[in-house]
Amino acid sequence: MTLKEIIIEALHDPQNRESDGSVKWNWVDSDLWLHPYSKVYTDQEKHDALDNFPDSEVPKWGEFEPRVTHPLP
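In this note's numbering, the protein residues as written are -14 to 58.
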């Protein structure tokens, strides 16, 4: 799984969005670092992937089926 795929997965999680649909980037960042597949990437690669993630790739709120990737306890 690529870093881009991990980030997009996190962007589909409603827990990573505000009520207006804006992105909680610190939550996406957490999902990226905690994702089991991210272990194969360096810290710098994860940092760069998140910092350079294009706004055009952020799924628009209301135009996709939200899915919880890491349910809160």
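Backbone N, C-alpha and C define an ideal beta-carbon position, used for all residues, glycine too.
Note that the coordinates shown come from a computational prediction; the quantities given were computed from them, not determined experimentally.
Excluding sequence positions up to five away, which residues of its chain have a Cβ less than 7 Å from the Cβ of His20? Locating residue 20 in the sequence shown gives position 35, counting from the first residue. Contacts found: Ile(-9).
Residues that DSSP places opposite Val25 in a beta bridge: Taking the sequence shown and counting its residues from 1, one reaches residue 25 at position 40. DSSP output for Val25 lists no bridge partner at all.
Beta-carbon separation of Leu(-12) and Lys31 under 8 Å? As a working mapping, residue -12 is identified with position 3 in the sequence shown. As a working mapping, residue 31 is identified with position 46 in the sequence shown. Closer than 8 Å, so yes.
Given this structure, state the Cα-to-Cα distance separating Trp18 from Ala34, to the nearest angstrom. As a first step, residue 18 must be located in the sequence shown, where it is residue number 33. As a first step, residue 34 must be located in the sequence shown, where it is residue number 49. Taking the straight line joining both Cα atoms gives about 11 Å.
Give the DSSP-derived three-state secondary structure of Val53 in the structure shown. Counting from one through the sequence shown, the residue named residue 53 turns up at place 68. Here Val53 sits in coil by DSSP.
Look up Val43 in the DSSP assignment and say whether it is helix, strand or coil. In the sequence shown, the residue the question calls residue 43 occupies position 58. Val43: coil per DSSP, three-state reduction.
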